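Student: Got a structure here, written out as structure tokens. Questions coming.
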Amino acid sequence: MKAFTMLSVLRICHNCQSPNIIKNGKNASNQQRYRCKDCNVTRVLDYRQPSRVLDMEQVALTYTERGSFRSTGRIFDVSHVSILRWLKKSPVAARF
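Those letters in the sequence shown? Residues 4 to 99, by this note's numbering.
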């Protein structure tokens, strides 16, 4: 007879680093939401879509060559508003 062990995943609050987390329903895209009992913060802990990492130097170079936020956004498949915000914050864009 095989013995099965049950694994439990320790969830930690991103706000206060407390392990006192309980389930708190689901959001509109059916992802599990959790609530911290200590600081009362409610959020999704496991995001399904990882954030994209883009080379900011390449984005800045493409913007300077094309001269348009919209065309740069189409090339990198992101919103033109995101391109605008990234270039405002980026020290790489200051060189161009």
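Glycine included, every Cβ here is placed at the ideal spot set by N, Cα and C. No experiment lies behind these values; they were computed from the predicted model shown.
1. From what residue to what residue does the beta strand (DSSP E) around G28 run?
2. Check for me: the beta strand (DSSP E) holding V47 runs from which residue to which?
3. Is the beta carbon of F79 closer than 9 Å to that of V56?
4. Secondary structure at R77, three-state DSSP: helix, strand or coil?
5. Beta-carbon within less than 7 Å of C39's beta-carbon, same chain only, minus the 5 sequence neighbours each way: which residues are those?
6. Under a three-way DSSP split, which group does Y66 fall into?
7. If we call anything under 9 Å between Cβ atoms a contact, is Q34 one with V47?
Tutor: Checking against the coordinates, here is how it stands:
1. I24 to K29
2. T45 to V47
3. no
4. helix
5. C16, N18, C19, S21, N23 and I24
6. helix
7. yes
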